[in-house]
Every structure is written in C-alpha cells, then in structure tokens.
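Position 118 of the sequence shown, counting from 1, maps to 117 under numbering that gives the first Met the number 0, and the rest follow consecutively. Even glycine gets a Cβ: it sits at the ideal position worked out from N, Cα and C.
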Amino acid sequence: MSANRAAVDRLRARLAAVSDALREKLRESIRDALAQHIQAQFAAGLDVNGQPWLPRRRRSGGGLALQSLASSVDVQVDGDAIVVTISHPKAKFHQGGWRRTRRRVAARLMMPGRRRVGVEWLKAIRRGADRGLRAAAREGKK
Numbered sequence: 000m001s002a003n004r005a006a007v008d009r010l011r012a013r014l015a016a017v018s019d020a021l022r023e024k025l026r027e028s029i030r031d032a033l034a035q036h037i038q039a040q041f042a043a044g045l046d047v048n049g050q051p052w053l054p055r056r057r058r059s060g061g062g063l064a065l066q067s068l069a070s071s072v073d074v075q076v077d078g079d080a081i082v083v084t085i086s087h088p089k090a091k092f093h094q095g096g097w098r099r100t101r102r103r104v105a106a107r108l109m110m111p112g113r114r115r116v117g118v119e120w121l122k123a124i125r126r127g128a129d130r131g132l133r134a135a136a137r138e139g140k141k
C-alpha cells in the first residue's frame with residue numbers, strides 16, 4: 000500500500016469516530032477544497048503531480064492543454080466517498096493516452112489512478128478537512 004493511500008485510510012478511520020453531522024460537514028468541506036484545487040490545476044495546465052501538461056498542437060492554437068475540460072469536472076459526496084468525474088468525451092483519451100498510427104500519444108493525467116492519490120490532491124483533502132474542523136469548532140463555541 001502506498002504511503003499516501005495509507006494517509007487517506009488513516010483520515011477515513013478518524014472520520015469514523017466523529018458524529019454524523021460533523022462527518023457530513025467535513026465531507027462537504029473536503030469536496031469543496033478538492034473541487035477548488037482541481038479547477039486551479041486545470042487553469043494552470045498542470046497534471047495531478049503539479050507537472051505541466053504537454054502544450055496543445057500549434058494547429059489547434061497552442062497554449063495550455065485541456066482547459067476546455069475544466070467545466071466538465073464534477074465533484075460529489077457519495078456516502079463516505081468523494082467522487083470526481085470528468086464528463087468531457089475526450090477525457091478518457093487524455094487520461095490514458097492513446098496510439099495514433101505508429102506513435103503513442105502521451106497521457107495528460109487529470110486525476111490520480113485508483114491506487115494512488117496524488118500528493119497535491121492529498122494536500123487539498125487535508126486543507127478541506129482542516130477547514131471543516133475549524134468551522135465546526137467555531138460553531139461549537141456559539
């Protein structure tokens with residue numbers, strides 16, 4: 000098991016120990032932080048590891064790749080999970096790469112793989128959890 004996957008599992012175990020209302024607030028806060036991070040990632044043209052995506056081809060205008068996919072990103076809470084989907088029809092080709100005639104077109108990773116949460120995504124998840132806990136503490140003092 001990778002180290003950051005273990006960190007996510009530890010966070011999940013900690014969440015299991017708190018009240019349902021607090022867990023719901025934490026999930027929403029994590030969802031919001033992750034959605035905000037993903038939009039910033041797309042706007043900057045960076046992959047899940049913070050590396051720049053390959054630029055667009057000159058004949059298609061050059062510039063940052065995949066910015067048009069940002070509007071198709073959806074982040075939702077589903078039970079104890081936060082589900083990120085990209086509904087753009089070309090997303091699967093960019094995420095996994097593809098073969099064009101004799102050469103392979105490199106993938107532009109938009110989301111981490113199933114077994115590894117990217118370091119930047121893990122930071123966003125932690126920021127969301129921290130914000131949610133701070134908000135809950137403020138509400139508890141009222």
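Same chain, Cβ closer than 6 Å to residue i, five either side skipped, listed in chain order
i	result
Val7	Val116
Arg26	Val76
Ala123	Ala32, Leu33 and His36
Asn30	Residue identity check: residue 30 is Arg in the sequence provided, not Asn. Result list for Arg30: Val74, Val76 and Ile81, in chain order.
Ser28	Gly127, Arg130 and Gly131
His87	Leu68 and Ser71
Element boundaries [alpha helix (DSSP H), containing residue i]
i	result
Ala80	Looking at the DSSP string, Ala80 is not in any alpha helix (DSSP H); the run it does join, the beta strand (DSSP E), is Ala80 to Ile85.
Asp19	Asp19 to Ala43
Proximal residues to residue i (C-beta, below 8 Å), its chain only, five neighbours per side dropped
i	result
Phe41	Leu65, Gln66, Leu68, Ala69, Val72 and Met109
Arg38	A quick correction: the sequence has Gln, not Arg, at residue 38. These residues qualify, in order along the chain: Ala69 and Val72.
First and last residue of the uninterrupted beta strand (DSSP E) at residue i
i	result
Gln75	Val72 to Asp77
Cβ shell of residue i (< 7 Å), same chain only, five flanking positions each side left out
i	result
Ala34	Val74
Leu21	Ala135
Asn3	Arg115, Val116, Val118 and Leu121
Gly49	Glu119
For residue i: DSSP bridge partner residues
i	result
Pro111	Looking at the DSSP assignment, Pro111 forms no beta bridge with any residue, so it has no partner.
Pro51	Leu45
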